[in-house]
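Numbering (my numbering), first residue to last: 106 to 443.
For every residue, glycine included, the Cβ atom is placed at its ideal position computed from N, Cα and C.
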C-alpha cells in the first residue's frame, strides 16, 4: 500500500465529493468552450460578405444564404426577365464575391413606320439595333448616332433613305412683242404672228425619307422646243372719217351690241331714255362718255343693264320694231376724245 493510497483512504468523504464536483465543472467548461469554438467556426464559415453592384449603385451585403439567387430574394431585390446577373443565380456564394446586376431599360424604336417599346441592356444605339436584328442600309439614317449611349426613355429612329431620278416636262412661256400700227385704229389690236409655248425637259434627283420626299435637286435641263414669240400690232390711229367728218377718239372697242326700247324706267343717270341713249358696263366705259357706234351713230353712255357686262352695249330705239330690226351684232365702239 502506497502513501497516496493511504491518504485517499484516510481522506474524509466531504473532501472526496469536492474533488468530484470540481472535475465535473472543468469537464463541462471544456465542453462548453469546445461548443462555442465549433459554433463560432460554423458561423464564420456560413457568413459571407458579398459586394453587390446594381447598375450604378454598390453595397456590401452580409448573408448566410447559399446561392446568389437566394441572397437576392432574401434582400428583396427583384430581377426582371431582361436583366442580367453575374455570376448566375445558382452560383454558390463565397466570402468576398462580387455580384453584378445589369438592368434593362425601356426604349422606343421606330423603324419602317412601326414604333415599339423594348427593354434592352445594350450599351449603345448601334448595339441595340444589332440586338434587335435591325440592319441599316448604306444610305439610311440612324437617330441618334449609333455611338450614343442607351438610356432610359431613349427614342431611336431608323430613317430609310432612298433616291431616284425623275424627269419632268415644263412648258416655257412665250413672250409677246407689241408693235405700233399706224393703219389701225387706237384701241384695236391685230395678231400677226401667233405665239407658241416651248418645252423643256428637267431631270431631278429626288431623295425620300421613309417614303416621303425631302429633297428635289435639279440635275440637268434640256430644251425640247423653243418658244415662239407672238407679234401683236397695236393701233395708233385716233382719227377716223365717218360721213365725210373726221372723228377724234381716245380708244375703240370691239363689242357686241343689242337694242332696247322704252321700259317705263329712267336711265341709271336719272334721265328718261331717248335716241342716242346707250347702256354700258361702267367698269369698261364710264357713264357720261360720248360714244360713236358704227351703224348707230353718236350717243352717250347713260344707262346700265343686268346683262350688259364687259364689251357689250345696249342701244336705244324709240320703237320695238326698230330695236328688233337692229337685233344683235358686232360693232366698233369709239370712245370720243374730250
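- Under the Cβ criterion (8 Å, minimum of three pairs), the stretch 151 to 163 counts as touching the stretch 199 to 210.
- In this chain, the alpha helix (DSSP H) harbouring residue 177 covers 173 to 179.
- Per DSSP, residue 236 lies in no beta strand (DSSP E); the unbroken alpha helix (DSSP H) holding it starts and ends at 230 to 236.
- Membership of residue 307 in the beta strand (DSSP E) is indicated by the continuous run 303 to 314.
- Contact between residue 187 and residue 262 is absent: CB atoms are separated by about 22 Å, not below the 8 Å threshold.
- Beyond the five residues adjoining it in sequence on each side, residue 323 comes within less than 8 Å, by CB distance, of 307, 308, 309 in the same chain, given in chain order.
- Between residue 440 and residue 390 the beta-carbon gap is near 6 Å, inside 8 Å, which marks them as a contact.
- At a cut-off of 3 residues, the continuous stretches assigned as beta strand (DSSP E) that sit fully inside the stretch 179 to 214 are 189 to 191, 203 to 207.
- With respect to the 8 Å criterion, residue 359 and residue 327 are not classified as neighbours on the basis of their beta carbons.
- Taking C-beta separations shorter than 6 Å and ignoring five residues to either side along the sequence, the partners of residue 273 in its chain run 307, following chain order.
- Checking the DSSP bridge columns, you'll see residue 415 has no partner listed.
- With a 10 Å radius around the Cβ and a threshold of 16 neighbouring Cβ atoms, residue 181 comes out exposed.
- In the pairwise beta carbon analysis, the stretch 417 to 430 is classified as touching the stretch 362 to 372: at least three pairs are separated by under 8 Å.
- Listed in chain order, the non-local C-beta contacts of residue 398 below 6 Å within the same chain comprise 436, 438, local neighbours out to five positions each way being set aside.
- Counting only residues of its own chain and dropping the five nearest sequence neighbours on each side, residue 321 has a CB closer than 7 Å to the CB of 309, 311.
- Taking the C-beta atoms as reference points, residue 336 is found no nearer than 8 Å to residue 291.
- Distances from the CA of residue 431 to each of 414, 400, 315, 372 were compared; the closest alpha carbon is that of 400.
- Here residue 162 is bridged, per DSSP, to 159.
- With contacts defined by Cβ atoms closer than 8 Å, residue 361 and residue 295 do not form a contacting pair.
- In this structure, the straight-line span from the alpha carbon of residue 303 to that of residue 333 is close to 7 Å.
- Relative to residue 377, the option among 406, 200, 177, 166 whose CA is nearest is 406.
- Cβ-Cβ distances below 8 Å link residue 185 to 208, 209, 224 in the same chain, with the five nearest sequence neighbours on each side left out; the list follows chain order.
- Approximately 4 Å separates the beta-carbon atoms of residue 442 and residue 353; this is inside 8 Å, confirming the contact.
- Shown here, residue 429 sits in a helix according to DSSP, grouped into three states.
- A direct Cα-Cα distance of roughly 24 Å separates residue 267 from residue 253.
- By the criterion of a C-beta distance shorter than 7 Å, residue 167 is surrounded in its chain by 152, 154, once the five residues flanking it on both sides are discounted.
- Residue 382 counts as buried, since at least 16 other C-beta atoms from the protein chains shown sit within 10 angstroms of its C-beta.
- At least 8 Å separates the beta-carbon of residue 229 from that of residue 243.
- If you draw a straight line from the Cα of residue 234 to the Cα of residue 259, it comes to about 13 Å.
- Residue 242 has no beta-bridge partner at all, per DSSP.
- Note: residue 389 is not bridge-paired with any residue in the DSSP secondary-structure output.
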